[in-house]
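Asks: Numbering-wise (my numbering), the sequence shown opens with residue 1 and increments by one.
The beta-carbon is built from N, C-alpha and C at its ideal position, and this holds for glycine as well.
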Amino acid sequence: MTDGKVMPSCGIFETMGLWTLLEGCLLIANALAILNEDRFLVPRGWSFQEFSGVKRNSFKGQLIGLVYASQYLRVLLILLNTLCIVVKLVMEIVVTWMMLSNLVASQISN
1 MTDGKVMPSC
11 GIFETMGLWT
21 LLEGCLLIAN
31 ALAILNEDRF
41 LVPRGWSFQE
51 FSGVKRNSFK
61 GQLIGLVYAS
71 QYLRVLLILL
81 NTLCIVVKLV
91 MEIVVTWMML
101 SNLVASQISN
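1. Hey, out of 95, 104, 78 and 106, whose CA is closest to residue 26's CA?
2. For the alpha helix (DSSP H) that residue 46 lies in, which residues bound it at each end?
3. So residue 21 packs on residue 66, CB below 8 Å; how close in whole Å?
4. Just verifying my parser: in three-state terms, what is the DSSP assignment at residue 58?
5. Return the CA-CA distance between residue 62 and residue 103, expressed in angstroms with no decimal places.
6. Counting along the chain, where does the alpha helix (DSSP H) carrying residue 92 start and finish?
7. For a quick check, are the C-beta atoms of residue 48 and residue 68 less than 7 Å apart?
8. Under the three-state reduction of DSSP, which class applies to residue 24: helix, strand or coil?
9. Whole angstroms are fine: how far does the CA of residue 106 sit from the CA of residue 35?
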């Protein structure tokens, strides 16, 4: 705080909010998308071929389905990651510009 003026804040980007929750979900989707079936899933018995019929409705079957669905949606994940990076860059530029303009305005008024 300078001369009774409050410096601009980033709002949703400073605290745990919807944006942070969405970023966390995107990171989890990225982690699931890069799992290698032969090196990671098959040795643990999580192959997609092992689960069919009734076993697909179990929690483990649903989790394996989620892993395979995220692997098929890699193009969408690339687009979402790019969008996330662009939004963060733009917001950082806007916040920096606002802080600098307030600093210049306070220097001019003195």
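Replies: In terms of the structure at hand:
1. 78
2. Note, residue 46: premise wrong, no alpha helix (DSSP H); not H, not E.
3. That belief does not hold up - the Cβ atoms of residue 21 and residue 66 are roughly 18 Å apart, past 8 Å.
4. coil
5. 53 Å
6. 74 to 109
7. yes
8. helix
9. 52 Å
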